[in-house]
Amino acid sequence: MKEQHLIPAQIICSNLNIELSFIDELHTMGLIQVEIIENNPFIHHNQLNELEKIIRLHNELNVNLEGIDIVFNLLQKEAELRKEINALKNRLRLYENI
């Protein structure tokens, strides 16, 4: 990852009004990736949307981190199933047009 796409976790925490320990917990659970550069944690800018979703689930719906992990795993499986369904539909169209 290029450093220009990394945002210091301290800045993200102050902007989103969260604790740095929350970021550490998310990283420990594998929900987000954290890059450590010179003993400072950084988050890639592509993960900001995921982080905001996690914060909303946690704060507004009171979902714990384990629940958030389950939600994200289910969403990922759903996306994979949608891709598989689309691939199967495309294969079926080939046979229907014969």
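Residue 8 is where the sequence shown starts when you use the numbering used here, and the numbers rise one by one after that.
Every residue, glycine too, gets a C-beta built ideally from N, C-alpha and C.
Cβ-heavy atom distance, histidine 34 to the ligand GDP, below 7 Å: The model on display carries no ligand, and the ligand GDP is accordingly not part of it.
Bridge-paired residues (DSSP) for asparagine 71: Taking the first residue of the sequence shown as position 1, residue 71 is located at position 64. Beta-bridge pairing links asparagine 71 to no other residue.
Cβ contact check for the stretch 43–56 and the stretch 12–28: 3 or more pairs under 8 Å: yes
Bounding residues of the beta strand (DSSP E) (the contiguous stretch that carries isoleucine 25): For this step, residue 25 is matched to residue 18 along the sequence shown. First-last for isoleucine 25: undefined, no H or E at that position.
Beta carbon of glutamate 1 nearer than 8 Å to that of leucine 72: Given a span of 8 to 105 for the chain in the structure shown, any question on residue 1 remains unanswerable.
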